[in-house]
Amino acid sequence: MTKRALPLVALYLAMAASTRIFEPAYFGYIIAFGVFIAGYGTQLLTRKNAPPLSGPVLLGWAVFAALVLLTTLLAKPAFRDLFRDCGAIASFLFGLVVIPRALGKDWERPLFAGLSALAMVISVWTILGAVAAYLAGAGSYEWRGVYVPFAHGWLPYLIVAEYIRSRSGADFRVSAFRIGLCVLALLLSLSRTGILLVGTFGVVILLINARHWLLSARGMAMVITAAVAAAVVLPQLWQLDVVQQRVQAGVGPGDLSLGWRAMEETAATNYLSDGGWRRWLFGFGLGARVPLPIGIVDFAGNPTIPHLHNSYWTYLVKFGAVGLTWVLVSIGVLLTRAHLVRGGVPALLTGGTWILLFVLGTAVTLQGMTEWSHLTFLGIACALLGKAAHEPRWQPAHVAQDRTRITGETAGPIPATRVSGRAVR
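Following full-length UniProt numbering, the numbering of the sequence shown begins with 1 at its first residue and continues without gaps.
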């Protein structure tokens, strides 16, 4: 891990600890953000690492912000709810702008180095929490809610970061060990969403690299080691009582967590329908809360909730169909532009794409686009893709030489400078 990556690791560790120290955890997040910003001071104002936005995009976001502001002012939400939602927006901007500027030139290098180190800490913390839960005989909900750290939800992003490092010059064996440790921690966390996301990632990566791995001794050794480890570990995990509780609950009415999510979405539908077509189009603004059915309260005893587990429904309630569509289209355009650039930095394109997809997947069940820490990863993903979309295209040496001779500049061999070829260390 490089010196530039240390503040990033400290930032996320402070955020992870905040969920155990502060109630709500946002107070700890604010302190961590403030210390991180204060540590860099004026450097954040002078460094310019984020790619500029085009005029139409800026205009679109300005119109969107104006609509949200108007809707919010008319709704007159409580200050605490308004503060929570504004903090969520600030968290996204923190990942999009502050972190890249703080890490300086070629910021993706210390970024992935820091996330790699963070992966070790979070995975070990999660494994120790799972062991403590097992020794205490905890049930499935207590297992995840009390013993396993909240930061286990970051493991999919951290696995992507370690994979990028393994493809960019880092020690292959070290990266393989860290990824294996993260996968074990994810399995022990009992997070079905995380396991599904990483499982999909693993299948896709295996298909992409199958030819290379199966035709090399190192690749075959890795595949065989992974298969043996899975054959040993998975049956042992399957026999755990807490795992059987999750399996027996299934995905139907017997699963309390899925039943609660279905109730949330029904409540949101009724809330929007009561407000008429204008609410379906423009939402209730920042700080809006969804009233739960009569007689039902959340875990804190509140009859209303500020966020649903499904972030897309939360966006629909707060921003309406217009706002939700604008956010998703903006993300889609950014992703498309990044993939249209030929010869882009693999670390930027691959890392940004997978982290973005994981955030979007987490948003379906675990507030991936509303919880502050996940939103910092969404901002990081967009920053990576934004830089990939603005990377200068490279050309072969003979093209550069031909252009030099045609323009009458100094002749001679000019090596092809591939800006995208830098390794992430």
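The beta-carbon is built from N, C-alpha and C at its ideal position, and this holds for glycine as well.
Can residue i be considered in contact with the ligand GTP, in the sense that its beta carbon sits closer than 7 Å to one or more heavy atoms?
i	result
ALA17	Of ligands this structure carries none, so the ligand GTP is not represented either.
Please identify the residue among the options whose C-alpha is closest to the C-alpha of residue i.
i	options	result
PHE177	TYR26, PHE319 and ILE159	ILE159
ALA16	TRP125, ALA210, ALA90 and GLY276	TRP125
LEU286	ALA117, ASP81 and TRP143	ASP81
LEU70	VAL364, ALA185, ARG144 and PHE282	PHE282
PHE201	LYS387, LYS3, SER168 and THR353	THR353
THR72	SER330, VAL317 and THR336	VAL317
VAL63	ILE355, GLY323 and LYS105	GLY323
GLY169	ALA14, PRO346 and GLY379	PRO346
SER116	TYR312, LEU234 and ALA10	ALA10
Buried or exposed: residue i, going by 16 or more other Cβ atoms within 10 Å of its Cβ?
i	result
SER273	exposed
MET220	exposed
ASN310	buried
ARG393	In this prediction, ARG393 scores a pLDDT of 45, lower than 50, which makes its location untrustworthy; no coordinate-derived value is stated.
ASP171	exposed
TRP277	exposed
PHE79	exposed
THR325	exposed
ILE355	buried
THR336	exposed
ALA397	Unreliable placement is indicated for ALA397, whose pLDDT of 36 sits below 50; the coordinate value is still reported in the next sentence. Exposed, because fewer than 16 other Cβ atoms sit within 10 Å of the Cβ of ALA397.
Can residue i and residue j be called in contact, C-beta distance under 8 Å?
i	j	result
ARG279	GLY320	yes
LEU157	PHE358	It is Tyr, not Leu, that sits at residue 157 in the sequence shown. Their beta carbons are under 8 Å apart, which means TYR157 touches PHE358 by this criterion.
ALA389	LEU334	yes
LEU348	GLU162	no
LEU237	GLY194	no
GLY153	HIS374	yes
ALA113	ALA267	no
ALA88	THR370	yes
SER123	LEU181	yes
PRO291	ARG84	no
LEU184	ARG246	no
LEU308	GLU264	yes
LEU58	ARG101	no
ALA13	VAL121	This sequence places Leu at residue 13; Ala is not what is there. Yes, they are a contact pair.
If contacts are defined as beta-carbon pairs under 8 Å, then residue i and residue j qualify, I think. What distance do you get, rounded to the angstrom?
i	j	result
ALA39	PRO7	Just to set this straight, residue 39 is Gly in the shown sequence, not Ala. Right, their Cβ atoms sit about 6 Å apart.
HIS2	PRO110	Just to set this straight, residue 2 is Thr in the shown sequence, not His. So it is a contact: roughly 5 Å between Cβ atoms.
PHE92	GLY379	5 Å
Any Cβ of chain E within less than 8 Å of the Cβ of residue i?
i	result
ALA389	Any reference to chain E falls outside this structure, which holds one protein chain only.
Three CB pairs or more closer than 8 Å across the region 13-30 and the region 283-297: no
Is the region 127-144 close to the region 89-104, with three or more CB pairs under 8 Å? no
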